[in-house]
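Everything below concerns the one structure shown next.
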Amino acid sequence: MGEALIAIASLQASFLLMSGHWKISRSSFLLFCGIALAVVVTISTSTDARTTLLGLTQFLVPIFILLTWLDNLFRPSTHAYEGAYAVAGVLTALALGSAFIVMQGGGYDYNRVDLNGVVWQPQILGLCMAPMALLMLNLRRLPLWLRVAGTIGAVALIWAAWSRTGLAAILIVAALELMRRGAAKIPSLNILRHPPRKSVLSQLKRHLLAMVFVAAIVGSLWFAGNTSAVQIAPGAEKQVLSLEGYASSRSGPLARSFSNIEANLATGIGFAVPSDPRLIDPAVAAENLHVLKTEGRFVILSDKGNSFVAIVEETGILGAPLWLGLFFWVLARVSATGPIGRSMAFLFILCAMGEATVYTMSGIGLLQWTALVAAAGFSRQPRRRNSNRIPAEYTYSKLVLNRRAGDAS
60 MGEALIAIAS LQASFLLMSG HWKISRSSFL LFCGIALAVV VTISTSTDAR TTLLGLTQFL
120 VPIFILLTWL DNLFRPSTHA YEGAYAVAGV LTALALGSAF IVMQGGGYDY NRVDLNGVVW
180 QPQILGLCMA PMALLMLNLR RLPLWLRVAG TIGAVALIWA AWSRTGLAAI LIVAALELMR
240 RGAAKIPSLN ILRHPPRKSV LSQLKRHLLA MVFVAAIVGS LWFAGNTSAV QIAPGAEKQV
300 LSLEGYASSR SGPLARSFSN IEANLATGIG FAVPSDPRLI DPAVAAENLH VLKTEGRFVI
360 LSDKGNSFVA IVEETGILGA PLWLGLFFWV LARVSATGPI GRSMAFLFIL CAMGEATVYT
420 MSGIGLLQWT ALVAAAGFSR QPRRRNSNRI PAEYTYSKLV LNRRAGDAS
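When the letters of the sequence shown are read in order and numbered with my numbering, they come out as residues 60 to 468.
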């Protein structure tokens, strides 16, 4: 079903481009040229060219659609502001399905509740609910009670699924948002919101996203290089918030990924190539996923544990800067649309540190990228319930009560 939707969207985007209704910006054109170079470098250095080519196709076709849509985001025919509502609707349906599964009462010890009827792994639910909480708080055309209920429900599901990545990400973004709003409300903190352009504070604010992005990369690689396999009994309460418990399920994959980086520093093992070579075999991979989805057991061949470590492992120091540049370019464009886009960009940097979902378009990866780009539509989101644009001749002048602007004279 997902492949069919992507194929239809690709054909529609291509038709709009060829008919002249949509255009690709110069910066996007240069980015696509850079991606073409990255593809050549990545395939030529892969240890499994077939797997890499398939992974690149599954990743780049949806990315092309999303980036083209981002270029044409504020054209009248695009109705960009409706994109966030569409994504929130999908996430709401996922939340309702998850809540129904929770109420069934069937569970296993590791995660307390069984959500396998909705998502293939309970923690993945947190990566869906974190952007939903952020979206629901800012959907201005929804009633306040629905926004509050949706946000509380999303956070409750994150906690029920024990998604420490989702919980940590949404709490940090919420703290940053409260600081931003506090700076706007408290006169003495106004300097934080509008610092002088030549000041150090202004430069820090301007480059904050880039600094956080670089810190995430360096910190992820440092942690992967210094971690060791930690065995903690499933269901241990200390897994909830402790760093040791958080790393327990990721220490093995991260240590193995860093070992692959050291062994293939220049070229990497290949885009979309598993860290464990046994998972290259389709039969082994299918059985591995079957065990996780149907039996709820976690004695499986785990793969990646961090998006930044994964892309360096797969593409090496030759290809990683190009793919990391693609990710940051989208984050920067979304962040530039306003506070909501900025919060969503920070959210996805944090989520990328806890799960390897950025450089894939299967399942949660596609949903995350879609939510990220749809968040950019908030900067033009109308406050009225009627989202259709109203021609200027049918609007009312602020100076003439109950008369059209054209009849003001």
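For glycine and all other residues, C-beta sits at the position ideal for the given N, C-alpha and C.
- In the structure shown, Gln427 falls within a helical segment according to DSSP collapsed to helix, strand and coil.
- With fewer than 16 other Cβ atoms from the protein chains shown falling within 10 Å of its own Cβ, Ile376 counts as exposed.
- For Thr419, the secondary structure class from DSSP, reduced to helix, strand or coil, is coil.
- One thing to note: Ile399 has its Cβ within 8 Å of the Cβ of Asn197.
- Put simply, the backbone Cα of Leu313 is about 11 Å away from that of Ala415.
- Taking the Cα of Leu155 as reference, the smallest distance to any Cα among Gln427, Ser84 and Gly212 is reached at Gly212.
- Thr429 and Val389 have their alpha carbons spaced roughly 11 Å apart.
- Its Cα nearest to that of Leu226, the residue Ile217 stands out among Ile217, Trp281 and Leu201.
- Phe272 is the residue among Phe272, Ala72 and Ala220 whose C-alpha sits nearest the C-alpha of Phe386.
- The alpha-carbon of Phe74 is positioned some 38 Å away from that of Val232.
- In the DSSP assignment, Trp221 falls outside any alpha helix (DSSP H), carrying neither H nor E.
- Across the set Leu76, Ala97, Leu150 and Tyr144, the C-alpha of Leu76 shows the shortest separation from the C-alpha of Trp128.
- The C-beta of Met188 has 16 or more other C-beta atoms within 10 Å across all chains shown, which makes the residue buried.
- For Asp130, the enclosing alpha helix (DSSP H) begins and ends at Ala108 to Asp130.
- Linking Ala379 to Ile370 through their CA atoms gives a straight-line distance of about 6 Å.
- Cβ neighbours of Met412 within its own chain (closer than 8 Å, five residues either side excluded): Thr224, Ala275, Gly278, Ser279, Asn365, Ser366 and Phe367.
- Going by DSSP, Val332 is part of no alpha helix (DSSP H) at all; its letter is neither H nor E.
- Under the three-state reduction of DSSP output, Ser105 falls in the coil class, being neither helix nor strand.
- Rounded to the nearest angstrom, the Cβ distance from Ala158 to Ile124 is 31 Å, too far for a contact under 8 Å.
- Its Cα nearest to that of Ala95, the residue Leu112 stands out among Ser84, Lys82, His80 and Leu112.
- Between Gly185 and the set Leu381, Ser394, Leu409 and Ser78, the nearest pair of CA atoms involves Leu409.
- Judged by their CB atoms, Pro121 and Leu406 are not nearer to each other than the 8 Å cut-off.
- Bounds of the alpha helix (DSSP H) holding Arg401 are Pro398 to Gly413.
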